[in-house]
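Note sheet for the following structure.
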Amino acid sequence: MKAMIRIGVVILVIFLIGFYNGPSFQENEELENEPFSVDSNDNAEIPDSDGLTRPKSGVSVYIGKNVKDLVDEYGEPVRMDPGRNGLTWYIYQSENGYMQTAVKDDVVKALFVMGSAYDSTPYFSGQSVQDIYQFTMINSEIIVEDDGRVYQLELSEQDLHTRLLVQFEDIYAQLMIDSVSNNLMGVYYLDKETLLDQQPYEGSVEGGPLADQDQLILDEVNKANERQMFDIVNFIRERNGLNELIWDDQLAEAARSLSQTREQLSAESSEETIGLSDRLDILDRSYQSAAENTASQYYLTPAVVHGWLNSESHRDTMLDDEFTHTGSGVYGSYYTQDFVQFDEEDVDDEDDALSAQSE
Numbered sequence: 001m002k003a004m005i006r007i008g009v010v011i012l013v014i015f016l017i018g019f020y021n022g023p024s025f026q027e028n029e030e031l032e033n034e035p036f037s038v039d040s041n042d043n044a045e046i047p048d049s050d051g052l053t054r055p056k057s058g059v060s061v062y063i064g065k066n067v068k069d070l071v072d073e074y075g076e077p078v079r080m081d082p083g084r085n086g087l088t089w090y091i092y093q094s095e096n097g098y099m100q101t102a103v104k105d106d107v108v109k110a111l112f113v114m115g116s117a118y119d120s121t122p123y124f125s126g127q128s129v130q131d132i133y134q135f136t137m138i139n140s141e142i143i144v145e146d147d148g149r150v151y152q153l154e155l156s157e158q159d160l161h162t163r164l165l166v167q168f169e170d171i172y173a174q175l176m177i178d179s180v181s182n183n184l185m186g187v188y189y190l191d192k193e194t195l196l197d198q199q200p201y202e203g204s205v206e207g208g209p210l211a212d213q214d215q216l217i218l219d220e221v222n223k224a225n226e227r228q229m230f231d232i233v234n235f236i237r238e239r240n241g242l243n244e245l246i247w248d249d250q251l252a253e254a255a256r257s258l259s260q261t262r263e264q265l266s267a268e269s270s271e272e273t274i275g276l277s278d279r280l281d282i283l284d285r286s287y288q289s290a291a292e293n294t295a296s297q298y299y300l301t302p303a304v305v306h307g308w309l310n311s312e313s314h315r316d317t318m319l320d321d322e323f324t325h326t327g328s329g330v331y332g333s334y335y336t337q338d339f340v341q342f343d344e345e346d347v348d349d350e351d352d353a354l355s356a357q358s359e
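Below you can see the structure in the form of structure tokens.
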């Protein structure tokens with residue numbers, strides 16, 4: 001009997017050691033986009049002023065111009081990503097900046113800018129909210145007239161602290177503010193058509209910005225958004241003095257499977273999705289910890305990352321200095337990013353392999 005008890009104790013100890021030494025998991029709550037409220041009212045009073053005077057310098061001057069003018073100034077992009085509604089995103093990256101420019105029919109429609117490499121006058125990354133308030137006309141209501149219809153966009157109290165919408169004559173600037181540092185993360189300039197097409201407000205047309213594109217195109221758009229998420233998150237990590245995350249295809253597969261499942265499930269469905277620990281069974285190496293950020297009802301990748309940055313749990317995951325690898329998965333309006341800290345010996349082996357390839 002005593003022998004059986006000893007065996008039982010040993011088994012229990014082994015189990016507990018395995019339990020406490022196993023990887024840790026953090027699955028953050030899904031962040032759902034809260035778009036601007038909109039009132040389509042043809043009788044709404046149209047203000048005499050068109051907002052602030054449009055900037056005479058900086059990247060916003062290219063909105064409405066042929067993309068050739070932008071390329072002449074900044075050179076060829078590092079890549080061109082397909083986008084929704086016939087847009088093509090010209091991606092520019094440097095050590096001190098990130099810019100993605102929306103182009104349609106060779107005309108620049110929108111630009112998102114982070115960092116100091118690209119002039120985003122009159123705003124710039126790292127600019128304090130106090131500085132912005134000193135020269136910016138802050139309105140909680142923006143009137144947009146298009147094809148005889150009048151749209152009244154209403155910003156919530158939260159919007160006024162994290163994503164201001166400012167009119168500069170015939171273009172708009174969405175200021176993506178980091179509410180923790182109270183500094184500007186990035187600025188998104190866009191024309192009226194893009195503002196309405198991307199539907200950053202409630203009451204959008206059923207089917208959203210995806211309705212007019214076939215699945216083959218959307219698959220390419222999803223992959224482009226995954227890459228953009230990877231680039232933007234790494235840029236923000238580097239700006240915060242953190243290590244750059246390494247892309248992992250298996251993590252991307254795990255993230256993509258969740259986004260696809262969530263997009264295809266109806267809002268009323270009670271079906272549960274597969275948890276992070278089970279989806280990471282596909283990994284062919286051991287890891288110490290893993291976490292996952294998710295978001296829904298988004299159609300612009302920078303807006304997703306901005307939303308995570310302003311959510312404590314998502315921010316902590318995105319800026320965790322222990323993580324070494326990541327993978328992004330996008331399907332429609334659902335975004336997932338998985339983060340993993342692989343065992344140190346595996347990371348060292350990978351670094352050695354990468355160094356050998358570069359020699």
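Residue numbers 1 to 359, in full-length UniProt numbering, belong to the letters of the sequence shown in order. Note that CB positions come from ideal geometry on N, CA and C, so glycine has one too.
Relative to the Cα of Asp249, the nearest Cα in the group Asp284, Gly58, Glu193, Arg149 belongs to Asp284. Within the UniProt domain "SCP" (231 to 340), the complete beta strand (DSSP E) segments at least 3 residues long are 287 to 296, 325 to 331, listed from N- to C-terminus. Pairwise C-beta distances place the segment 246 to 260 out of contact with the segment 300 to 308, as fewer than three of them are shorter than 8 Å. Checking the DSSP bridge columns, you'll see Val221 has no partner listed. By a beta-carbon distance limit of 8 Å, Asn28 contacts Thr294. Their separation comes to about 7 Å.
In the DSSP assignment, Glu145 falls within the unbroken beta strand (DSSP E) covering 141 to 146. Taking the Cα positions, Leu165 is about 15 Å away from Thr53. Counting other Cβ atoms within 10 Å of its Cβ, Gly186 reaches 16 or more and is therefore classed as buried.
Counting along the chain, Phe135 sits inside no beta strand (DSSP E); it lies in the alpha helix (DSSP H) bounded by residues 129 to 135. Closest in C-alpha terms to Lys192, from the list Gln167, Leu276, Asp81, Met114, comes Gln167.
For Gln198, no alpha helix (DSSP H) encloses it, and the DSSP letter there is neither H nor E.
Between Tyr172 and Leu195, the C-beta spacing is below 7 Å. It is roughly 27 Å from the alpha-carbon of Asp106 to the alpha-carbon of Gly51. In this structure, Gly332 keeps its C-beta atom at 7 Å or more from the C-beta atom of Leu31.
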